[in-house]
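For reference, the structure discussed in these notes is given below.
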Amino acid sequence: MITALLLFWPALAALLVLLIKGQGAKKVAFVAALVEFALSLFALSAFDTQSGALQHKLSLPWIESAGISFSIGMDGISLLMVLLTTFLVPLIVLSSYKHEYKNPNVFYALVLFMQTGLIGVFVAMDAFLFYFMWEVALIPIYFIAAVWGGANRIRVTFKFFVYTIFGSLFMLAAFVYLYLQTPGTHSSDVNAFYQLTLSAESQSWIFWFLFIAFAIKMPVFPFHTWQPDTYTESPAQATMLLSGIMLKMGIYGVLRWLLPVVPYGVSQWDELVLVLAIIGIVYASIIAIRQRDLKRLVAYSSIAHVGLIAAGIFTLNEQGLQGGVIQMLSHGINVVGLFFIIDIIFSRTNTREITSLGGITQNAKMLSIFFMVLLLGSVGLPLTNGFVGEFLLLSGVFQYQAGFGAVAGLTIILAAVYMLRMFQGVMFGTKSEATENFTDLTFNEKAVLIPLVVMVFWIGLFPNTFLSISEPAVNNLLSIINR
Numbered sequence: 000m001i002t003a004l005l006l007f008w009p010a011l012a013a014l015l016v017l018l019i020k021g022q023g024a025k026k027v028a029f030v031a032a033l034v035e036f037a038l039s040l041f042a043l044s045a046f047d048t049q050s051g052a053l054q055h056k057l058s059l060p061w062i063e064s065a066g067i068s069f070s071i072g073m074d075g076i077s078l079l080m081v082l083l084t085t086f087l088v089p090l091i092v093l094s095s096y097k098h099e100y101k102n103p104n105v106f107y108a109l110v111l112f113m114q115t116g117l118i119g120v121f122v123a124m125d126a127f128l129f130y131f132m133w134e135v136a137l138i139p140i141y142f143i144a145a146v147w148g149g150a151n152r153i154r155v156t157f158k159f160f161v162y163t164i165f166g167s168l169f170m171l172a173a174f175v176y177l178y179l180q181t182p183g184t185h186s187s188d189v190n191a192f193y194q195l196t197l198s199a200e201s202q203s204w205i206f207w208f209l210f211i212a213f214a215i216k217m218p219v220f221p222f223h224t225w226q227p228d229t230y231t232e233s234p235a236q237a238t239m240l241l242s243g244i245m246l247k248m249g250i251y252g253v254l255r256w257l258l259p260v261v262p263y264g265v266s267q268w269d270e271l272v273l274v275l276a277i278i279g280i281v282y283a284s285i286i287a288i289r290q291r292d293l294k295r296l297v298a299y300s301s302i303a304h305v306g307l308i309a310a311g312i313f314t315l316n317e318q319g320l321q322g323g324v325i326q327m328l329s330h331g332i333n334v335v336g337l338f339f340i341i342d343i344i345f346s347r348t349n350t351r352e353i354t355s356l357g358g359i360t361q362n363a364k365m366l367s368i369f370f371m372v373l374l375l376g377s378v379g380l381p382l383t384n385g386f387v388g389e390f391l392l393l394s395g396v397f398q399y400q401a402g403f404g405a406v407a408g409l410t411i412i413l414a415a416v417y418m419l420r421m422f423q424g425v426m427f428g429t430k431s432e433a434t435e436n437f438t439d440l441t442f443n444e445k446a447v448l449i450p451l452v453v454m455v456f457w458i459g460l461f462p463n464t465f466l467s468i469s470e471p472a473v474n475n476l477l478s479i480i481n482r
């Protein structure tokens with residue numbers, strides 16, 4: 000029941016928000032998002048963290064004659080993704096308070112509709128329900144970016160839409176084939192897919208169909224070209240949703256629907272995937288170093304971080320998988336914080352060009368502190384959230400192959416270069432004309448950043464709080480893959 004509430008509450012709240020005219024819509028959306036977060040905390044309190052089995056289950060006939068059901072539930076991996084989503088959405092809504100968006104009721108309703116799609120992806124245990132929710136999450140973000148985005152929003156969002164629809168069709172084709180291979184009257188339940196015995200040849204092409212769909216969403220090199228432009232042209236809140244939560248759909252899809260369904264296909268192609276992921280780490284990091292636009296720099300850094308997560312989970316060892324799960328949490332927290340700080344800077348200076356900024360720390364001590372904490376979390380400094388995930392991921396990659404681990408480890412050095420150079424250029428030095436009258440954080444801005452910084456240190460100092468939730472589910476996943 001709690002899973003159904005988590006799934007449908009944002010959609011119901013979105014319908015209510017649509018009826019509210021003016022800026023009151025954002026307040027109702029914020030309250031609705033807080034209620035959703037409270038529901039997720041209740042789900043956590045009633046969750047058995049010692050079990051890797053599916054919990055909070057609900058299964059109802061959907062298309063009964065075809066064996067398709069409305070099947071939802073959560074294991075530890077799903078629960079952490081739901082918690083991440085419900086934690087970030089209220090902060091993303093709150094971060095928009097200084098913006099006077101045109102048609103705010105439509106804007107915030109789309110955010111809440113998107114949250115329903117995101118939650119649906121993380122709790123769906125039926126392939127066609129998963130596909131349906133995958134598309135539900137895509138449609139609102141397309142309109143948010145296309146209507147409220149920058150000057151090039153139509154061209155950029157069209158490219159994003161074409162990429163993601165292209166990947167979705169590959170996923171659908173793979174799901175239909177897998178569904179037809181299930182015995183008897185057929186079933187699209189996730190466990191029915193896990194029990195299939197497919198030939199190595201079938202698993203090989205299914206692997207690529209599913210991998211392309213998920214790799215576009217993550218994105219992994221060379222399927223990443225839609226991402227920097229989309230992040231740059233989208234309004235700040237859309238960028239936060241895309242980077243903080245939506246890209247986790249792709250990583251989660253690999254964990255739930257690729258690795259355990261086609262293990263032989265994975266064993267044939269895992270080395271190539273690691274090569275692509277590691278190329279992406281180095282390639283995106285080098286491009287990030289050369290960026291002068293703050294948003295594009297963080298967008299490329301996101302590709303590098305996701306490349307390391309992808310490399311870790313395809314090692315198929317516990318360290319890599321656990322590192323991938325906790326790094327999804329850490330990356331979501333850090334990247335939302337960084338994009339919000341960039342939005343703060345842009346709102347005061349009307350520029351994102353590093354060369355046009357400087358000296359901000361002289362006027363904005365609090366902003367400097369929050370910016371540095373989130374930046375160090377992103378770099379992976381010990382005692383911050385980024386360190387835990389990167390340590391486990393690199394440990395997993397080293398176990399797989401030491402050479403891959405050594406190259407992937409460059410992410411630590413390269414991230415320090417582009418992140419610290421960015422901070423130095425923006426915050427230190429002499430003031431520019433744009434930053435001469437820069438003001439420090441407002442109450443609302445602190446209300447967004449404080450919970451993010453708390454999580455940076457909570458995950459960094461007490462990682463087992465979260466690792467213990469996902470560990471049984473990860474071990475269960477490994478047992479299915481290795482059966």
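Residue numbers for the sequence shown follow numbering that gives the first Met the number 0, beginning at 0 and rising by one. Backbone N, C-alpha and C define an ideal beta-carbon position, used for all residues, glycine too. Just so we're clear, the structure is a prediction, and the values are computed from it rather than from any experiment.
**Request:** Within its chain, find whatever has a CB closer than 7 Å to the CB of leucine 168; leave out the 5 residues flanking it on each side and keep chain order.
**Result:** none
**Message:** Could you give the first and the last residue of the continuous alpha helix (DSSP H) run that contains serine 77?
**Reply:** 75-94
**Request:** With DSSP as the reference, please indicate the residues paired to proline 60 in a beta bridge.
**Result:** Ser68
**Item:** C-alpha gap between valine 92 and threonine 441, whole angstroms
**Value:** 16 Å
**Buried versus exposed call for valine 453 [16 or more other C-beta atoms within 10 Å across all chains shown]** = exposed
**Message:** Can you list, in chain order, the residues of its chain with a C-beta nearer than 8 Å to that of isoleucine 1? Leave out the 5 residues immediately preceding and following it.
**Reply:** Leu38, Phe41, Ala42, Ala45 and His55
**Prompt:** Which residues in the same chain as isoleucine 143 place their Cβ atom closer than 6 Å to its Cβ, once the five residues preceding and following it in sequence are excluded?
**Reply:** Leu109 and Ala237
**Asked** Among Ala123, Leu117 and Arg154, which residue has its Cα nearest to the Cα of isoleucine 138?
**Response** Leu117
**Item:** Endpoints, alpha helix (DSSP H) assigned at alanine 13
**Value:** 1-17
**Buried versus exposed, by CB contacts within 10 Å (16 or more), threonine 383** = buried
**Message:** Could you pull the DSSP bridge partners for alanine 123 from this structure?
**Reply:** Ile71
**Request:** Whole angstroms is fine: what's the gap from alanine 483's alpha carbon to methionine 327's?
**Result:** No answer is possible for residue 483: it lies beyond the span of the chain, which begins at 0 and ends at 482.
**Message:** Closest to glycine 408 by C-alpha separation, out of Ile341, Asp439, Ile278 and Ile344, would be which residue?
**Reply:** Ile278
**Prompt:** Looking at C-alpha atoms only, which residue of Ala28, Val447 and Tyr178 is the closest neighbour of methionine 365?
**Reply:** Val447
**Message:** Looking only at its chain, what residues have a beta carbon closer than 7 Å to the beta carbon of glycine 331, apart from the 5 residues adjacent to it on each side?
**Reply:** Leu83, Leu87, Gly243, Ile244 and Lys247
**Message:** If you measure between the beta carbons of phenylalanine 112 and alanine 24, is that distance less than 9 Å?
**Reply:** no
**Request:** Quick one: residues in its chain with C-beta nearer than 7 Å to the C-beta of serine 346, no 5 flanking neighbours on either side, listed in chain order?
**Result:** Lys97
**Request:** Inspect the beta-carbon positions of leucine 315 and valine 265 and report whether they are closer than 9 Å.
**Result:** yes
**Message:** With a threshold of 7 Å on Cβ separation, who are the neighbours of isoleucine 140 within its own chain once the five nearest residues in sequence on each side are excluded?
**Reply:** Met113, Ala237, Leu240, Leu241 and Met245
**methionine 132 beta carbon less than 9 Å from that of asparagine 190** = no
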